[in-house]
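All remarks here apply to the structure that follows.
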Amino acid sequence: MSEDRAIALFRLVQEALTNVARHAAASEVIITLEQAPDACVLEVRDDGKGFDAQAIRKTSFGLAGMEERVLMLGGHIEVVSAARAGTAIKVSLPDRQAASS
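Residues in the sequence shown are numbered from 1031 upward in steps of one, following my numbering.
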C-alpha cells in the first residue's frame, strides 16, 4: 500500500474514532480493513446513538474532510446512520494499479 493511502486510512480512522468519542455514546466500535482484488475497504461501525446522516453532512466539517480525503484518492465513502441504531462509515480506495489500468 502506498504511503498516501496508508496515511489517508489512518486519518479516516482517527476522525471516525474522534466522532464516536465526542458524539456517539457508543459501547463498542468495530474497525475492519480488507484488501479486495481491486480496492482497499475500511469500515468503522459503532453501536452508538446514531444521527440523521443526510442532515448532519451539511454541517459536519469532520465528515466533509473525510469525504474530501477519500475523493482525492479516487475512492468512495458511505455513511449509514439512524437514531439509536449506530453508525457505519465505509470507505473504498481503489488499488493504485487497478485505477491506472
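Cβ coordinates follow ideal geometry from the N, Cα and C atoms, glycine included.
Excluding sequence positions up to five before and after Val1043, its CB lies within less than 8 Å of the CB of Ile1061, Leu1072, Val1074, all in the same chain and listed in chain order. Ala1036 has its alpha-carbon roughly 16 Å from the corresponding atom of Glu1097.
Leaving aside the five residues that flank Glu1045 on each side, the residues in its chain whose CB is nearer than 6 Å to its CB run, in chain order, Gly1092, Met1096. Judged by DSSP secondary structure, Ala1046 falls within the alpha helix (DSSP H) whose first and last residues are 1033-1049.
Ranked by Cα distance from Arg1099, the first of Glu1033, Ser1032, Ala1038 is Ala1038. CA-CA distance, Arg1114 to Ala1051, rounds to 16 Å.
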